[in-house]
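Asker: Protein chains in written order, with the working numbering: chain V, 1 to 296; chain G, 1001 to 1296; chain L, 2001 to 2296; chain U, 3001 to 3296.
Every residue, glycine too, gets a C-beta built ideally from N, C-alpha and C.
Protein chains: 4
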Amino acid sequence: MENHLFRGIIAYPVTPFHSNDGGVDVPTLRSSIDRLIIDGVHAIAPLGSTGESAYLSDEEWDEAAEASTKQVNGRVPVVVGISDLTTKNAVRRARFAENSGANAVMVLPISYWKLTEQEIIRHYAAIGNAINIPIMVYNNPATSGIDMSPQLIARLVHEIDNVTMVKESTGDIQRMHTLHQISKGDIPFYNGSNPLALEAFGAGAVGWCTAAPNLIPQLTIDLYEASQVGDLHKARELFYRQLPVLEFILKGGLPTTVKAGLRLKGFEAGVPRSPLQPLTREDTQKLSELLKQVNQ
Amino acid sequence: MENHLFRGIIAYPVTPFHSNDGGVDVPTLRSSIDRLIIDGVHAIAPLGSTGESAYLSDEEWDEAAEASTKQVNGRVPVVVGISDLTTKNAVRRARFAENSGANAVMVLPISYWKLTEQEIIRHYAAIGNAINIPIMVYNNPATSGIDMSPQLIARLVHEIDNVTMVKESTGDIQRMHTLHQISKGDIPFYNGSNPLALEAFGAGAVGWCTAAPNLIPQLTIDLYEASQVGDLHKARELFYRQLPVLEFILKGGLPTTVKAGLRLKGFEAGVPRSPLQPLTREDTQKLSELLKQVNQ
Amino acid sequence: MENHLFRGIIAYPVTPFHSNDGGVDVPTLRSSIDRLIIDGVHAIAPLGSTGESAYLSDEEWDEAAEASTKQVNGRVPVVVGISDLTTKNAVRRARFAENSGANAVMVLPISYWKLTEQEIIRHYAAIGNAINIPIMVYNNPATSGIDMSPQLIARLVHEIDNVTMVKESTGDIQRMHTLHQISKGDIPFYNGSNPLALEAFGAGAVGWCTAAPNLIPQLTIDLYEASQVGDLHKARELFYRQLPVLEFILKGGLPTTVKAGLRLKGFEAGVPRSPLQPLTREDTQKLSELLKQVNQ
Amino acid sequence: MENHLFRGIIAYPVTPFHSNDGGVDVPTLRSSIDRLIIDGVHAIAPLGSTGESAYLSDEEWDEAAEASTKQVNGRVPVVVGISDLTTKNAVRRARFAENSGANAVMVLPISYWKLTEQEIIRHYAAIGNAINIPIMVYNNPATSGIDMSPQLIARLVHEIDNVTMVKESTGDIQRMHTLHQISKGDIPFYNGSNPLALEAFGAGAVGWCTAAPNLIPQLTIDLYEASQVGDLHKARELFYRQLPVLEFILKGGLPTTVKAGLRLKGFEAGVPRSPLQPLTREDTQKLSELLKQVNQ
Chain V
1 MENHLFRGII AYPVTPFHSN DGGVDVPTLR SSIDRLIIDG VHAIAPLGST
51 GESAYLSDEE WDEAAEASTK QVNGRVPVVV GISDLTTKNA VRRARFAENS
101 GANAVMVLPI SYWKLTEQEI IRHYAAIGNA INIPIMVYNN PATSGIDMSP
151 QLIARLVHEI DNVTMVKEST GDIQRMHTLH QISKGDIPFY NGSNPLALEA
201 FGAGAVGWCT AAPNLIPQLT IDLYEASQVG DLHKARELFY RQLPVLEFIL
251 KGGLPTTVKA GLRLKGFEAG VPRSPLQPLT REDTQKLSEL LKQVNQ
Chain G
1001 MENHLFRGII AYPVTPFHSN DGGVDVPTLR SSIDRLIIDG VHAIAPLGST
1051 GESAYLSDEE WDEAAEASTK QVNGRVPVVV GISDLTTKNA VRRARFAENS
1101 GANAVMVLPI SYWKLTEQEI IRHYAAIGNA INIPIMVYNN PATSGIDMSP
1151 QLIARLVHEI DNVTMVKEST GDIQRMHTLH QISKGDIPFY NGSNPLALEA
1201 FGAGAVGWCT AAPNLIPQLT IDLYEASQVG DLHKARELFY RQLPVLEFIL
1251 KGGLPTTVKA GLRLKGFEAG VPRSPLQPLT REDTQKLSEL LKQVNQ
Chain L
2001 MENHLFRGII AYPVTPFHSN DGGVDVPTLR SSIDRLIIDG VHAIAPLGST
2051 GESAYLSDEE WDEAAEASTK QVNGRVPVVV GISDLTTKNA VRRARFAENS
2101 GANAVMVLPI SYWKLTEQEI IRHYAAIGNA INIPIMVYNN PATSGIDMSP
2151 QLIARLVHEI DNVTMVKEST GDIQRMHTLH QISKGDIPFY NGSNPLALEA
2201 FGAGAVGWCT AAPNLIPQLT IDLYEASQVG DLHKARELFY RQLPVLEFIL
2251 KGGLPTTVKA GLRLKGFEAG VPRSPLQPLT REDTQKLSEL LKQVNQ
Chain U
3001 MENHLFRGII AYPVTPFHSN DGGVDVPTLR SSIDRLIIDG VHAIAPLGST
3051 GESAYLSDEE WDEAAEASTK QVNGRVPVVV GISDLTTKNA VRRARFAENS
3101 GANAVMVLPI SYWKLTEQEI IRHYAAIGNA INIPIMVYNN PATSGIDMSP
3151 QLIARLVHEI DNVTMVKEST GDIQRMHTLH QISKGDIPFY NGSNPLALEA
3201 FGAGAVGWCT AAPNLIPQLT IDLYEASQVG DLHKARELFY RQLPVLEFIL
3251 KGGLPTTVKA GLRLKGFEAG VPRSPLQPLT REDTQKLSEL LKQVNQ
């Protein structure tokens, strides 16, 4: 299993839509991925929360998954978000991602009805059995409605061979402490909560899964590097510099704010899909000021 | 607007799946609707949470919506759950339901990313503008991840012509008090939390949206009728008799427990769709005992 | 054990303070108790949350407990709130209340550090062993910081002889359902959440512990009586009439709002003890209007 | 204002009680303070949560406050916890602490009834006006029932001259980020949540208010020093080494666990005051093992 591939800044591209018919704008998706790689991020994660994966039809999802993986073309590792409400379709997507060349898949146990622990385990096992690439468990109760304890996550890692990585997005640093403790440091965990970036690296996260590199790539990379060399003072300074942007994009919803920010930076990636609405004029102005303050 | 049609016990059928390929079992869906009507419920609500609507493909959803409405065939009113993540598809489903003969549609603002109040209002307005039948606003943060305050719900009712009914499923009786107060009793509200049935009728709910009639139809009807004539002592007695069943089916997830209960009653409707799993043997035994205790 | 004594409206007097030195104003305390009895309440509960018991010195508490019990003088039953942070002083107060003639004591497991279930049980057992009158268990996590489950409460009732009554103030009607179910209706429970009065009587509460009779005595008594005869329609009408007042006095803090309301009704009971401040002018105006609307 | 005095490890002694009559054991209190100073902590904070301040009578509190301050005798700075339910007694205690030689007082807005922001401000202002030493605002909703936002805390600092320090015990690192941001780094904040020690120093906390030095003094000091020099790798290693002890003593209640731990280390400080009970035999065994593992 090649999870050692994923370290550092794992960047989440948006999924651009055409302004005329609202369909997926594949050429712009490709360009947005190129931007991130050129800016130096360490991995690409298409079709995550930022990528509005939940709002795509299966045909759109397939198209975006394939285009993303091909566009990266081995320059950096790729982890594709394959979450779906039914196990059957999640399995289908996982296979599709593997066949498209993904290095790993990311799985959120998204559901309408709450799942029991046994149902969650069977869901991951079904996906794990269907593919030969690693799975990154993704815990994000705020969007999925399901909260997996560190103990359950550790069970998934131990019981399912290709579950090898954990993305924690609760924003609760104690979850990372617990993952570290119950695995004696053996389960690699990744931070999915932007305003926790400093603390997550402090606690030993091996990577930061984030949409922020779409807007402030160098700052996210610098924070990772300062943490890697153990320079707490520099890491703190870098973190507080970018924190206003991190808080803003999280609070306003990542697809909404990141697409607005890309437009401000001169990269047109359209607006999010309805019911999500474009960032208001007032908030766009605020974001513009925040981006100017960080000088990127 | 014909929302006066909906009163009393609004019953939620399950969506049966074939045991071989997992597809929607339309003949059994039809029979399950007949059972409910024969048992005396006052309205039918296909494709709600109990109907595993969220787990169906569009084709399956269309088939189930049409079959359900045709099967009811005017014997009682029908309200179809048309919720979907994108506004575009929710609109499409609402039109489809209207064309199939539904008397109303039920709309949960289901989303992956949290919606702002403005986004929620636009979502409902888009649906409202597309159809000529009433909309029942459905608030159920436990499944949708979005909690609409009574104030927001009242705005929807006042600003969008065909939003005329409210299904409240938070289980918080104070929400109903507030709806009653801010509308001076003019907004008809329906209870969607089974263990709150006694109190909701006490507070003035005009109906109870429930999957319980699949298993204990007469008790639910009797509770409604005792409440209607204002007999608190009888309503309390009836409520406590059925409460263990109501609590059990809610706690175990309605599709899971109701399908298990239907099998116990000799009506085979299959099992829920994966990742949802069939009720465990132990819990099925417990449900069997609870159903015997209520003598139905 | 004489807990059958307590039924209906159990009224909570305020503890008036002198305007000059802030000490307890015993003559006014006596008059306020007389008002409640003359207005027809079924029992008196001095030194509860409304009585600012937590803010009194031991000397003040003793004086108020004795004066209250003597003033009632057997006209109605008396249950005295004896809660204190230390078990030792709670025991002392319980004995003092018994010696002063109280018919029962009410005990909230108030604490600074969270208590384990075993610590809670020992606290109640120590008090129970020290007195020969019944104990009303009082659950109010919003003020005490400790939430006792219905299961723990039932244990207290079963394991400690003179724990015979339960005051539930979480505002969660399901707690009352559970108490009813696990005791097969044998544990008498009382409602301590004003905006839940209708539902609590519906669910079978034998009494309502409330400060509202200081301001709207007849409405509270009428609601109890309508519930007793099982007239749901009348109970609902009475409840919605008084609900705005019930919500207002709870939200603003009972000592603050009830003392303001007493002043509005021409009964001067002073202001709450600092850090609690008198009701603002604006809120006093609002309360005045609410009281006029209910015509009392 | 001399708040620059307080940096690093601010240690919380327990308040020992006599085994015979349960009264405050002043000689042992003095010895326990000496232990902490000899072990190298940077400040002493008597009569905090760990010191069971809430469970003491006024006479006991005065005795403990005076003895503690005298015992420190200027060797390190002293901040005395003066929290009380009434503003009047909090003011009295603050003056007493100042007169006893305290360098600062710590104030938690403990209350029975929730306080409005205005009530909280007046409470702090009354204390501030009564003394000439700095106040450390203490936010700990888990014990006080009152949660002060960073915005309210900043108002206290700006509006009341001698409010100059903030102890944050919510365990939410984002509160510290916000305090840093809204004050542009000018409000010195201290961490009061043991399992957040690594992250709090990372985020810029100038001190750690903790009872842990009673059991593992050198590890707490080493963590502070590694953070001060900005050595993230060393700080992380030190933190994870002591984290099991930090989690254990917090979860079991600080007076309970720290007194048990002192006994294990051969320093007899008695047991906490009832209703708090001594640590169970099983948990004491667990604590013993944890202490052995950290080699102190």
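Please report the straight-line C-alpha distance between G/Thr-1104 and G/Trp-1208, rounded to a whole angstrom.
Answerer: Here residue 1104 of chain G corresponds to residue number 104 of the second sequence, with the count starting at 1. Here residue 1208 of chain G corresponds to residue number 208 of the second sequence, with the count starting at 1. Just to set this straight, residue 1104 of chain G is Ala in the shown sequence, not Thr. Cα-Cα distance, rounded: 16 angstroms.
Asker: Comparing the C-beta of G/Leu-1291 with each C-beta of chain L, is any distance below 8 angstroms?
Answerer: For the purposes of this step, residue 1291 of chain G is taken as the residue at position 291 of the second sequence. Taking Cβ atoms only, chain L never reaches closer than 8 angstroms to G/Leu-1291, which makes this a no.
Asker: Judging by CA-CA distance, which residue of L/Thr-2143, L/Ile-2216, L/Gln-2118, L/Glu-2289 is the nearest neighbour of L/Phe-2239?
Answerer: For this step, residue 2239 of chain L is matched to residue 239 along the third sequence. Among L/Thr-2143, L/Ile-2216, L/Gln-2118, L/Glu-2289, the Cα nearest to that of L/Phe-2239 is on L/Ile-2216.
Asker: If you drop the 5 nearest sequence neighbours on each side, which residues of the same chain put their C-beta closer than 6 angstroms to that of G/Gly-1081?
Answerer: Indexing the second sequence from 1 puts residue 1081 of chain G at position 81. These residues qualify, in order along the chain: Leu-1047, Gly-1048, Ser-1053, Met-1106.
Asker: Output, in chain order, the set of chain U residues within a Cβ distance shorter than 8 angstroms of V/Ile-127.
Answerer: The count along the first sequence starts at 1 and reaches residue 127 of chain V at position 127. Within chain U, no residue comes near V/Ile-127; the closest Cβ sits about 32 angstroms away, beyond 8 angstroms.
Asker: Note down the Cα distance separating V/Thr-87 from V/Glu-117, rounded to an integer number of angstroms.
Answerer: Here residue 87 of chain V is taken as the residue at index 87 of the first sequence, counted from 1. Here residue 117 of chain V is taken as the residue at index 117 of the first sequence, counted from 1. Distance between the alpha carbons of V/Thr-87 and V/Glu-117: 15 angstroms.
Asker: Looking only at its chain, what residues have a beta carbon closer than 7 angstroms to the beta carbon of L/Arg-2175, apart from the 5 residues adjacent to it on each side?
Answerer: For the purposes of this step, residue 2175 of chain L is taken as the residue at position 175 of the third sequence. Pro-2150, Glu-2168, listed in sequence order.
Asker: Can you find a C-beta in chain U that's less than 8 angstroms from the C-beta of V/Arg-236?
Answerer: Position 236 of the first sequence, counted from the first residue, corresponds to residue 236 of chain V. Yes, V/Arg-236 counts as interfacial toward chain U.
Asker: Spatial neighbours of V/Gly-62 within its chain, please: C-beta separation below 7 angstroms, excluding the five flanking residues on both sides.
Answerer: Position 62 of the first sequence, counted from the start, is the residue given in the question as residue 62 of chain V. Note on residue identity: the sequence assigns Asp, not Gly, to residue 62 of chain V. Within the same chain, V/Asp-62 has close Cβ partners Phe-96.
Asker: Would you tell me roughly how many angstroms separate the C-alpha atoms of U/Ile-3160 and U/Ala-3094, rounded to the nearest one?
Answerer: Translated into the one-based positions of the fourth sequence, residue 3160 of chain U becomes position 160. Translated into the one-based positions of the fourth sequence, residue 3094 of chain U becomes position 94. So the alpha carbons of these two residues sit roughly 15 angstroms apart.
Asker: In whole angstroms, what is the alpha-carbon distance linking U/Glu-3066 and L/Gly-2270?
Answerer: Position 66 of the fourth sequence holds residue 3066 of chain U. Position 270 of the third sequence holds residue 2270 of chain L. Their Cα atoms are separated by approximately 36 angstroms.
Asker: Nearest chain U C-beta to L/Lys-2286 closer than 8 angstroms, yes or no?
Answerer: Numbered from 1 along the third sequence, position 286 holds the residue referred to as residue 2286 of chain L. For L/Lys-2286, the answer is no, since every Cβ of chain U falls outside 8 angstroms of its Cβ.
Asker: Distance, Cα to Cα, L/Val-2091 vs V/Asp-172?
Answerer: Stepping through the third sequence from its first residue, residue 2091 of chain L is reached at position 91. Stepping through the first sequence from its first residue, residue 172 of chain V is reached at position 172. Straight-line Cα distance between these residues: approximately 41 angstroms.
Asker: Count the C-beta pairs between the stretch 1187-1203 of chain G and the stretch 1245-1263 of chain G that are closer than 8 angstroms, then say yes if the count reaches three, no if not.
Answerer: Yes: at least three Cβ pairs fall under 8 angstroms.
Asker: Could you work out which residues of chain U lie near L/Thr-2087, taking near to mean beta carbons separated by less than 7 angstroms?
Answerer: Position 87 of the third sequence, counted from the start, is the residue given in the question as residue 2087 of chain L. By Cβ distance, chain U contributes Ser-3274, Pro-3275.
Asker: Using beta carbons (cut-off 8 angstroms, strictly below), is U/Trp-3061 in contact with chain L?
Answerer: Taking the fourth sequence and counting its residues from 1, the one referred to as residue 3061 of chain U is at position 61. Answer no: the Cβ-Cβ gap between U/Trp-3061 and chain L never drops below 8 angstroms.
Asker: Can you give the beta carbon distance from U/Val-3294 to U/Val-3014, rounded, assuming they're within the 8 angstroms contact cut?
Answerer: Translated into the one-based positions of the fourth sequence, residue 3294 of chain U becomes position 294. Translated into the one-based positions of the fourth sequence, residue 3014 of chain U becomes position 14. The Cβ separation is near 19 angstroms, so there is no contact.
Asker: Can you pull the DSSP bridge partners for U/Ile-3009?
Answerer: For the purposes of this step, residue 3009 of chain U is taken as the residue at position 9 of the fourth sequence. Paired residues: U/Trp-3208.
Asker: Would you identify the three-state DSSP class for U/Met-3148, choosing helix, strand or coil?
Answerer: The count along the fourth sequence starts at 1 and reaches residue 3148 of chain U at position 148. In this structure, U/Met-3148 counts as coil in the three-state DSSP scheme.
Asker: Please confirm if V/Pro-217 has its CB atom under 8 angstroms from at least one CB of chain U.
Answerer: Taking the first residue of the first sequence as position 1, residue 217 of chain V is located at position 217. No, V/Pro-217 does not count as interfacial toward chain U.
Asker: Between which two residues does the alpha helix (DSSP H) carrying U/Val-3026 extend?
Answerer: As a position in the fourth sequence, residue 3026 of chain U is number 26, starting the count at 1. Here the alpha helix (DSSP H) through U/Val-3026 covers 3026-3038.
Asker: Give the secondary structure of L/Thr-2164 by DSSP, where H, G and I count as helix, E and B as strand, and everything else as coil.
Answerer: The residue given as residue 2164 of chain L occupies position 164 in the third sequence. Of the three classes helix, strand and coil, the one that applies to L/Thr-2164 here is strand, per DSSP.
Asker: DSSP three-state label for L/Asn-2214, please.
Answerer: If you number the third sequence from 1, residue 2214 of chain L lands on position 214. L/Asn-2214 falls in the helix class under three-state DSSP.
Asker: Could you check if V/Asn-162 is buried or exposed, using at least 16 other CB atoms within 10 Å of its CB as the buried criterion?
Answerer: Reading the first sequence from its first residue, position 162 is the one you call residue 162 of chain V. Classification of V/Asn-162: buried, given that the 10 Å Cβ count is 16 or more.
Asker: What does L/Lys-2259 touch in chain B if you count any residue whose Cβ is under 9 angstroms from its own?
Answerer: This model lacks chain B altogether, as its protein chains are V, G, L and U.
Asker: From this set, G/Ser-1111, G/Ile-1146, G/Ser-1100, which residue's C-alpha is nearest G/Asn-1132's C-alpha?
Answerer: As a first step, residue 1132 of chain G must be located in the second sequence, where it is residue number 132. Considering only alpha carbons, the answer is G/Ser-1100.
Asker: Alpha carbon to alpha carbon, how far is U/Tyr-3055 from U/Ile-3187?
Answerer: Residue mapping note: residue 3055 of chain U aligns to position 55 of the fourth sequence, counting from 1. Residue mapping note: residue 3187 of chain U aligns to position 187 of the fourth sequence, counting from 1. Computed Cα separation, rounded: 31 angstroms.
Asker: Please confirm if the stretch 2264-2284 of chain L is in contact with the stretch 3016-3034 of chain U, defined as three or more CB-CB distances below 8 angstroms between the two stretches.
Answerer: As far as the Cβ criterion goes, the stretch 2264-2284 of chain L does not touch the stretch 3016-3034 of chain U, which means the pair count is below three.
Asker: Quick test of your reading: V/Gly-202 and U/Glu-3199, contact by CB under 8 angstroms. State the CB separation rounded to the nearest angstrom.
Answerer: Locating residue 202 of chain V in the first sequence gives position 202, counting from the first residue. Locating residue 3199 of chain U in the fourth sequence gives position 199, counting from the first residue. The pair is a contact, with the Cβ atoms about 6 angstroms apart (cut-off 8 angstroms).
Asker: Starting from G/Gln-1181, find everything on chain L with Cβ-Cβ shorter than 8 angstroms and list it in chain order.
Answerer: Within the second sequence, residue 1181 of chain G is the residue found at index 181, counting from 1. By Cβ distance, chain L contributes Tyr-2240, Leu-2243, Pro-2244.
Asker: Our contact map puts U/Gly-3253 next to L/Trp-2113 with C-beta atoms below 8 angstroms; I'd like the distance itself, whole angstroms only.
Answerer: Reading the fourth sequence from its first residue, position 253 is the one you call residue 3253 of chain U. Reading the third sequence from its first residue, position 113 is the one you call residue 2113 of chain L. The Cβ separation is near 5 angstroms, so the contact holds.
Asker: Identify which residue in L/Tyr-2124, L/Arg-2281, L/Ala-2142 has its Cα closest to the Cα of L/Ala-2154.
Answerer: Stepping through the third sequence from its first residue, residue 2154 of chain L is reached at position 154. Cα-wise, what sits closest to L/Ala-2154 is L/Tyr-2124.
Asker: Roughly how many whole angstroms lie between the Cα atoms of L/Ser-2019 and L/Ala-2260?
Answerer: Against the third sequence, residue 2019 of chain L aligns to sequence position 19. Against the third sequence, residue 2260 of chain L aligns to sequence position 260. Spanning the two alpha carbons is a distance of roughly 14 angstroms.
Asker: Would you say V/Lys-265 reaches chain G, if we count a Cβ-Cβ gap shorter than 8 angstroms as a contact?
Answerer: One-based indexing of the first sequence puts residue 265 of chain V at position 265. Taking Cβ atoms only, chain G never reaches closer than 8 angstroms to V/Lys-265, which makes this a no.
Asker: Quick one: measure Cβ to Cβ for L/Leu-2036 and L/Asn-2214, integer angstroms, because I've assumed they're closer than 8 angstroms.
Answerer: One-based indexing of the third sequence puts residue 2036 of chain L at position 36. One-based indexing of the third sequence puts residue 2214 of chain L at position 214. About 7 angstroms separates the two Cβ atoms, so the contact holds.
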